[in-house]
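Residue numbers are given in full-length UniProt numbering: position 33 of the sequence shown equals residue 33, and the series is strictly consecutive.
Ideal placement from N, C-alpha and C gives every residue a C-beta, glycine not left out.
Right, one structure below, let's go through it.
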Amino acid sequence: MKIEYAVIGANKADRYTLKNNKLGGLCPQSLAEICAEDFSKHDGWGAYWPIDIVVFVDGKLIGLFTVAQEFNPIFTASMLDLSQT
């Protein structure tokens with residue numbers, strides 16, 4: 001099974017191929033989320049979300065999806081010694 005996706009508005013002629021093609025049986029929305037995660041790890045790190053993704057399985061159009069990226073920042077604080085400043 002070959003899973004590909006294209007991001008609307010980014011590299012219009014390019015399709016990206018998922019390296020893990022053993023994702024059969026997933027619902028179309030889950031495939032779109034996995035494709036969005038793959039895009040984020042590669043060319044999409046600076047993208048403005050949500051993005052529109054077209055998903056293909058074995059060359060057949062599965063659907064067009066809007067995918068939002070959730071962002072949950074984690075903050076860590078360390079106390080500084082003010083006597084050393």
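Proximity below 9 Å, CB of residue i to CB of residue j
i          : j          : result
residue 29 : residue 49 : no
residue 4  : residue 26 : no
residue 16 : residue 58 : no
Reference residue i, options the options, closest by Cα
i          : options           : result
residue 33 : 60, 58 and 64     : 64
residue 47 : 77, 78, 56 and 37 : 37
residue 71 : 35, 8, 45 and 6   : 45
residue 20 : 6, 74 and 35      : 35
Helix, strand or coil at residue i [DSSP, three-state]
i          : result
residue 34 : helix
residue 39 : helix
residue 82 : helix
Whole-Å CB distance - residue i paired with residue j, under 8 Å assumed
i          : j          : result
residue 66 : residue 81 : No, residue 66 and residue 81 are not in contact; Cβ-Cβ is about 49 Å, not under 8 Å.
CA-to-CA distance, residue j to residue i, given in whole angstroms
i          : j          : result
residue 8  : residue 61 : 14 Å
residue 56 : residue 1  : 10 Å
residue 54 : residue 41 : 17 Å
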